[in-house]
Structures are given as structure tokens and as C-alpha cells.
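Residue numbers (the numbering used here), protein chains in the order written: chain A, 1 to 315; chain B, 1001 to 1595; chain C, 2001 to 2291. Notes follow once the structure below has been shown.
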């Protein structure tokens, strides 16, 4: 089993490397380069050449790539073109905001969706199941910003229970934080909840169709025992995969939510960076997101492997 | 009355997804007394499995019990509430499924699953129950009875899992045991140990049993009475001896005839010296990646003859067919088709060579493209090999259908509209469309019902006579091969252990493995099982498992006559015996086993 | 060892056995409605796409136009109708592009196997390592917001899923005996792909097309919402949502209406795909215990 895990780890690192190449390549195939962006309209050929020399832009792409990569690994994320500050500083202040949103949403949606998924699987075909199925279908088909906007309209504009912007201050107490964050967290949770619930349900039902489940039923065991003692151990692996997949949906969703509710987070930074063509910023942010995603998948993969007795106890 | 179970006028209905309920079991009644074994036999669609589950008052998803009474231990369980009914499952009635994969949860340890039912029903506490089950394991002849419960299902072999299944079912001391084709998926030689284990434990505990199977020879070994079913209706019922040897109903008689076709043994194959064999396999070694499946195999198929290749699962018989067809490249040796050396990979063979050698697969369902009409399926080889088009093509398609005893208008149908037997005939017709010299039949009847399979074999025989085509007939079913083949090749772990004309192979002297194989085929007489399981060969065979790629003789670890020091280390020499028989064995000819 | 039943089974074609349900009909009508609007939009819309009809911005429903006015005083209804074309057309083109990439690569990987499969799979995995919005952000950030870039980017993002589905199908069908039989006959790879494998993939591929189409709509509108998709003054539903968010606090529903329209489109498509796949889950063993 250790061998399989180390193979997975190696594969994960490889993917990370490939991702970094893709990011670097994407930002390098620009018409025009960093030097042009800095000097802007009023650039002359000599100034351009001098700046390029100074920034080392004349070196071959491969060299610049390794330079950048090396810097990343050591914690030097480059300098922002727009603000001239180290990117690392800019990210640090924003990262926590995004992380907080994501963690809260995950903490709510993951257990809830697994529980609901299990419940509707147990009562498959019944009224509860059918209602949940329709609701989740609607939720996943609806664009996230729609959910966010509706929530905003109802709860912030009309009812004024929560705030429409998620700006929090260090001196906020719990209830003020709650009011500020409730809507963005709810929006993020809804979309992900629907996906995860559907996938959990179908994974578990899939297990019910396995022949050994019938055998267990014919031993006279009651439903609850069948689900908890027999189905669940086998469902762990697919459920973990589902969770990892959806946490990645969340990363996409965070962008929309941060935009709607004005959360000063990492994705806003990235979007702004894109608008301003602030390449070092784009590269650094994209790398962070990519790394988080890859690591999450890796974690899910490894947990999956550990949950499989065939791999834990080989012949 | 000491009936454990009485079923009266049972009616069961089934419904395909999105469809309507139709009757699948109509008015079936049966009873089983204490200590008695009743066998339910029938082909697919007979409802035997469904009826056996109804003895627990259980209907599979998609089915429902529509009427009738089920009296278990004096109570009509159909009149109970669902909860009460469910409570007696695993306690008064136990179920043994068809395969171990169907019984054991791969995520839980075996021991926990075996004691789960009695523990839940409150028969005892965990420690006491574990002790009882260890005793059960001992009675079932399982190796390491104290520790086997700690393992996971994937760590234990198939035959052992089957016996553990029996232990799981008996752990609560049920009054009735339902066995649903528990040995169908096993090799013939493994089947013996398992059958004996079942029989012993049933006798030991005095349990009543319902044994569902389609294998009549197995039935003869375990059942006291037999109930024959067809399409959900009772056909005939009576004591085992009477049903097997003196069946009254016509359907029962057809069934008996199909199961044990008359052997047709041949002394000598007329191969004219002038004509090269259609297929000649010379010292072929082949495998996949690092795995070697076949070692030094040599087989000849003379023109217009039938060569039967027999062996159990994993012996490499399918690989042999694939190597001859060029689907799997060989490592060393060569294949000659019609006297010419054939390229190992079929992509390198000329079309004429491909045309002469056709292959028919086992699973008719997956061998035909469901999105193509029969006319396309049969027409393509006609176009491809013979360039037939238009009306000439259409005529030939009709001729081919007639050749395989199917109506000409089947040409416009899709495979999904055909039954299993019909699909296999189309498979055959497709091979014949190329006008081949040899057809490689890879277990073509193994997935078919017995009666249907018998029909296909008859067709093969008549085609051979009509067209003069040769067959390499691969099968694990010895009686079919005995009724059909001119020459027989016995494969074990990728090596040829015996080959020659069929009469010579099926008569003594034998290679030790051939003897084991032949003696493992259950005979349709009661008492056979006890006789064979106690023999030295059977005991020796059950101590080991198949080892591929062994240095000396691959059978040495399971052979009762193995010469220690010689058999494990050196490859056995090929002995030539009278009647053109070849046996690969270290034993001198006089010491080869006779019956 | 499974025994094949000797009873006859009705033949399966891609659409056989589908019964029209209420949900399917409603979903289908909604889609049809939008399609008609897309085709005949310019003749139905009361005003021009960018025409400013009123000095009052964010006019509520009924005033100015049937559905009010937006942030510049343009007629919401007209822009909505023009928006259908943009939305549907863009989604269709991107889905087709994604299929062109995904299906070709996917089947190639399944048939050629070996190092080709390994390399392509790893690259696709690396692309899938990015949340799609992020990937689009980076690429559009680099190449600008022209329609071509938009279509190619979204097409690329969608194609990863199409690749996985096609590859899995290619492998699953590729190991079937009838493909082996064709190979044993000596048929060439192209023939096998187009005549043996592809016809058996139609149903799952059609379903995947529907799903990708839905995702494309959501994705494109999300991008427009972020300012990275269709640019002003074109009428695109996602863009309309973004431009009129400010009106939410003024009591205007100019942002909600296009969002609701997007939702109607995607929900209907999802329902239709669900119906097509007709995953009739029969009873499970748990229910049988209660009987």
C-alpha cells in the first residue's frame, strides 16, 4: 500500500509541475511582454531594451521558468506590476478571507450533503427522495450568481437581516461577523451541497445493488445496520472522491461569491490582476489555487486508498 | 408432520424497470422434510431461484409474491408482518448464494460476517459464537480454522470462500438451508471438495435444504428428491433416482438427454499424408507482458477434423485460440496455417490467411454489435473476403441463415431481438461467411442453457459433415468434448499433458491430471461423491493450487503419484503410447494410473 | 457463470423505450420557446439591442418597457430577446468545439493506448487541476476578451470532461467481443472506430452534449458576470446581470430577470438530459425488506 501511496504522491507532484508549466506558458505567450506593460504607451525602443535587459527578459524562456519556479518554492512570489509590492504580501492579507469563506462553506455543506445523500438513498423512490432530487437538480442547474443575487435581494435588501457586503473588521464581534458572512457562505454552500448530495446518493445506491448487500439483508439484519455496517464502509471511497471533486467546484464558486458580495479575498485579487494584466500576480495566484486543488485531490485519493481493504491488507 | 417447509400455490410476478408486472412463477407447491434435500432444477427462466427465495418470503427487487402460502415450521410466514418475516431470515432459514463475491462484503473481515447473523438474532455472545464457528470451519475441512476468520475475503481462495459461505449460513443452526447454485462458478475439481463439505454439514446438523441448480449430475450427489421446473411451472417431481433414470415427462427426458450426450469416441483420425494440417501449433510459448500463459505447446488440427482442447480455468485454452488467430502474439515457436508459416500478429497476415481461420467467442451477447442488423453483421465478411455485393450478397446471407437453421427473414433483425442460442448461431454464421478451413470455437456453449447448447453442438456436427470444415473446440465440459471431438488435447497450467485420439485419451492409461479431471466429472448416480472425495487423488489435489510457469511438471504439487526430487525440477518427457497417444509424465508407462 | 435467457428481448435503439413524461414535455417546450425567440428575435423585439428608450434608468416593471429599463435606460425586454441569440449561439459553438477536441483525443487515447494515452491523460489531468473559472481567467487575461478567445477557452475547458467520457467509452466498447471479432477479421482501425465503436456511443455522447451545453451556458454567463465574457454593448444575459446588479438596491429587477432566464434554460436542459438517460432506478434491496 505504501508503494501505491508514494506513486500517487509522485503523480501529484508531476501534475503540479505540469500545471506550473501551463501557467507560465499561458502568461508567456502574450503579445507584448512585461516590459511593455510597465512602460505603457510612452515606450521607446531603447527604454524597452534597457528594461528587458535589467529584468532579464532576454534570457530563454526555460531559464526564466526555472527562475520563477525556484523563487516560488522559496517563498518569493514576485513583485506586482501594478502596486510594486511583493506579491506575497498582497496575498497574505487576502488569503485568510477566502480561506475563511471556503472553510465555513465546507464545514456546513460536507456533513449536510453526506447525511442528506445517505438519507435519500435509504429512502430511495420515496417522497422525500423525489423532492430532494428535484430541488438539487434545480440548484445545480442554476447559475451561482443567481442564487447569490436572490439571497441578497431577499435577505439583505428586503428583510435586512444580513449585510450585502462581506467586509469584516478585526473588531467585529461574533454577531456582526455572522451578519456579514452569512450570505456569501450560504451561497457557496448551496451550489456545492446540491452536487455533493446527488453524487453521494448515487454512490450509495450503487452499493446497494451489489450482491453482498442482498446477502446481508437475507441474514435478517435491519435497514439501519445494513446501511451503516455494510454499505458505508464501501461507500467511503466514492464519497471521499465526491467531496474532493466538489471542494474544487467551491474554488470556482468562490470567485463569483467574492464578486457579488465584495469580499476582499484572493480571487478578487486574481480577477483584478487579470484586468490589469499584472502578470506576476496572476502567476502566483493561479499557482496557489492550482496547488490547493491538486493537494485536495491527492488527499482524497490517498484516503480512498487507505479505506480499501484490498490495498491495505494485500494477499 | 415433520415438514420444515410447505409451499402452496405460490405465485410470483416480476416487472422490468418502467414496465408492467408479469407472472413469472405460476402455482408452484412443494415441501421439504427435516433432514431432506429437495433439488429445484430447470433452465434459465424456470423461476427456480425466485422460488427458493420465496421460502424466506423474500422477493428480489423488481419482483413481488402475488399469492400462495409459505408454511415454515408450522407458521404461514406470508401472513406475518414484514418485520416478523424479516426476523426469521438468517435464523430459521439461511441462504447460500451463488458465488462468494455475492456473499461477502469486501470491506469487512470474514469472521465478523460469519457470526453476524447469530449475534444479531441473540443466539449467543461473540466469544461463544466464534468458538462454534471455528468448529464449523474444522468440519468443513478448511485450512487454519483458528485464523481464517481474521482475514478479508480477497485474501482467501475461491473454494475456501465457498465453504466459509456454508459456515456463515449454518452458524445459527437454521432449520432450512437454501442453496442457490453454490458450485456453478467453480471448476470441476474444486467442486468436489465443496459439494462434499455441503453434504456433510447438512447431514451433520439434520437441516432441511432446498438446492437450486441446473447441473443434473451435481443434483444426483446431494438431493433426495427433485422438482423439475420450466417457465415458472412444475413439470415433474419425484425421488432422485426416478427422475434421473426413469423420467416420465417429455421435457425431463429432453433435459436428461442433453446433459449427458452419448460419447462418440474415435480411434484414429484419417489425415491424408498429402494434406498438411489446417492448423499446426509448434512449440509455442505465449503470454501477456511478463506473465507466461502457454509453455511449449504443440497441437495439430488435421483437415475436416475436430480437435477438442480441454482444461480448467487458467490453463491457457483461450490464449491458445487467440494465438492461433493472431490476436495474441506468441513469444517463441510458430503457427502454421495450411502448411504456411503464419505471422504472429494478424495485422501482418494476408487476407487469405485470415479468411481461412475464423474464431467464435463464448459470450454471444457481446460478440455481436447491438447497433448492427444481422444483414450487416453477416454481410461484412462476405464483402470483406469475397467482394460480394448487392443481390449476390443478400442471397448468400439468406443461405448462411439457413445453414445455421434460422429463418431467412432474420436478416433484418437486430441482435437484441434474438435469444442466446440464436445469437450464437449468428456468431457461427458469421464465421462461416468467410468460408474458412478451420473454426476456433472458444467455449461457445458454456454460457448457454443445456438444451440450447446441445442444439448448437448438433449444428456444429452437421456443418462439419456438410462443409468439411475443421474445428478447434475449446471447452471445460468433458462430456461435450467426448461426444464431439476426434482428437483431444489436455492442457494444464499452459502445458499439454496428454493428447491423442479421443478414445485413447478417455481410456486408461491416463496422465494423473487427466484421471483427476475425468473422475471429477460428477456422475449421475448417487453415492459417487462419497467415493471420489476420499480417494488419494482428490485429497492430494485439494492440497495445492494451480501454479503457472513452474520449473518441472506443473501438476507436481497436486499429484498423488509425484516422484519427489524429479517432478518438481525437471520437465517431464513425452511418452508415446499405443493408439497415437502422447502423455507427458515422469512415471514409466506401466505405473500410469488406470481407472 | 451467467446463463443467457432463451427469451427474446426487444431491440434497443437510442430513442427506443423513452416515454414522454410531463417534465420532459414542459422542459422541451421551454427550450423550444427560447429557440424560437432566438431565431425570430429581431422581428419580435419592440426595440433595438442597444437602443436607449427612456431617460429613466432602472425603471420598474411596466414603466418604459414591459420589463422596465436597465442602467442606461435601455429596454430590458428587447435586450433579453437579443440576448437569447448570443447566449444560445455561443453555448452551441463552444460545445461543438469542445466535442471536436474531446472526442478526437479521447477515442485516439482509447484506441492507440500506450504512451500516447499516458501523455495525453496526464496533460488533461493537469488542465483539470484548475478550477475552470481560474483557467479561463488566466487565458483570457493573457489573450484578451475577443469572441474567438472566449469560444476557444471555454471549449478547451469543456473538452476535458468530453475527453474523459470519450476515452472511457472507447475503452469500454473497445474490449467488447464484437470489436475483437472485427479486429480478428482484419478490419482497419478507422473502420472499427466509425462502424463498430461509435454507433454504440451515441446515447452517452448525446447526453454528454446536453450536459456540456448546460455547463457552457453557466460558465459563459459566469464569465460575463465577471466582466471577462461578452463585452458591452452586446446583449448577453450574463453581462446583463452584472451591469444591473446596482439596481437591486433600487428595487429594480433588471438583474434578476436575465438570471432567471438563464436558470430556466439550464434547468430545462438538465431535466431533458435526465429524461433521455432514463435512469429508472428500480427498487433497492432495502425496500424489499419491508415487504
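Just so it is clear, CB atoms sit at the ideal spot from N, CA and C, and this is done for glycine as well. The model shown is predicted, which means the values in this text are computed figures rather than measured ones.
Taking 3 residues as the shortest admissible run, the region 1033-1091 of chain B contains the following complete beta strand (DSSP E) segments, listed from N- to C-terminal end: 1037-1041, 1063-1072. Residues of the region 1080-1092 of chain B that bring their beta carbon within less than 8 Å of a beta carbon in chain A comprise 1086, 1087, 1088, 1089, 1090, 1091, in sequence order. In the DSSP assignment, residue 1170/B falls within the alpha helix (DSSP H) that extends over 1158-1170. Secondary structure of residue 1098/B (DSSP, three-state): coil. For residue 1003/B, the uninterrupted beta strand (DSSP E) run begins and ends at 1003-1014, by DSSP.
Under the three-state reduction of DSSP output, residue 1288/B falls in the strand class. Classified as buried, residue 2117/C has 16 or more neighbouring CB atoms from the shown chains inside 10 Å of its CB. Chain-order list of chain A residues neighbouring residue 2155/C: empty, with the shortest C-beta distance near 15 Å, by a criterion of under 9 Å. Under DSSP, the beta-bridge partners assigned to residue 1210/B are 1038/B, 1178/B. Flagged as an interface residue toward chain B: residue 2288/C, by a C-beta distance shorter than 8 Å.
In the structure shown, the three-state DSSP call for residue 1237/B is strand. Within the model, the alpha-carbon separation for residue 1571/B versus residue 1295/B is close to 11 Å. Under the DSSP definition of a beta bridge, residue 1358/B partners with 1439/B. For residue 208/A, the nearest CB of chain C lies under 8 Å from its own CB, placing it at the interface with that chain. Beta-bridge partners assigned by DSSP to residue 1584/B: 1574/B. Taking CB atoms only, residue 51/A has no neighbour in chain C less than 8 Å away. Counting C-beta pairs closer than 8 Å gives three or more between the region 81-95 of chain A and the region 278-294 of chain A, which meets the contact rule. Residue 2127/C sits away from residue 2095/C, with the two beta carbons spaced by 8 Å or more. Each residue's CA atom was taken as its position, placing residue 1402/B and residue 1409/B some 10 Å apart.
Taken through DSSP and simplified to helix, strand or coil, residue 22/A comes out as helix.
One alpha carbon belongs to residue 1417/B, the other to residue 2241/C, and they sit about 53 Å apart. For residue 19/A, at least one C-beta of chain C is nearer than 8 Å to its own C-beta. Close partners of residue 137/A in chain C (Cβ separation under 8 Å): 2267, 2270, 2271, 2274. Distances from the alpha-carbon of residue 261/A to those of 71/A, 153/A, 83/A put 153/A closest. The Cβ neighbour count for residue 1089/B, taken over all protein chains shown within 10 Å, is at least 16; the residue is labelled buried. Residue-level contact by beta carbon fails for residue 2057/C and chain A, as no gap is shorter than 8 Å.
Between residue 1284/B and residue 1297/B, the gap from beta carbon to beta carbon is short of 8 Å. In terms of beta-carbon proximity, residue 216/A lines the interface with chain B, with at least one pair separated by less than 8 Å. For the region 1048-1060 of chain B, residues whose beta-carbon sits nearer than 9 Å to a beta-carbon of chain A comprise 1053, 1056, 1058, 1060. Of the candidates 1586/B, 1076/B, 1561/B, 1281/B, the residue whose Cα lies closest to the Cα of residue 1054/B is 1076/B. For a Cβ distance threshold of 7 Å, residue set 1354, 1381, 1384 of chain B lies close to residue 2185/C, ordered along the chain.
Ranked by how close their Cα comes to the Cα of residue 313/A, the residues 1011/B, 1003/B, 1464/B, 1107/B have 1107/B in first place. C-alpha of residue 1462/B to C-alpha of residue 2184/C: approximately 25 Å in a straight line. Inter-residue distance for residue 2284/C and residue 9/A is about 38 Å (C-alpha atoms, whole angstroms).
In this chain, residue 2141/C is not harboured by any beta strand (DSSP E); it is covered by the alpha helix (DSSP H) spanning 2132-2143. By the beta-carbon neighbour count (other beta carbons within 10 angstroms, threshold 16), residue 2196/C is buried.
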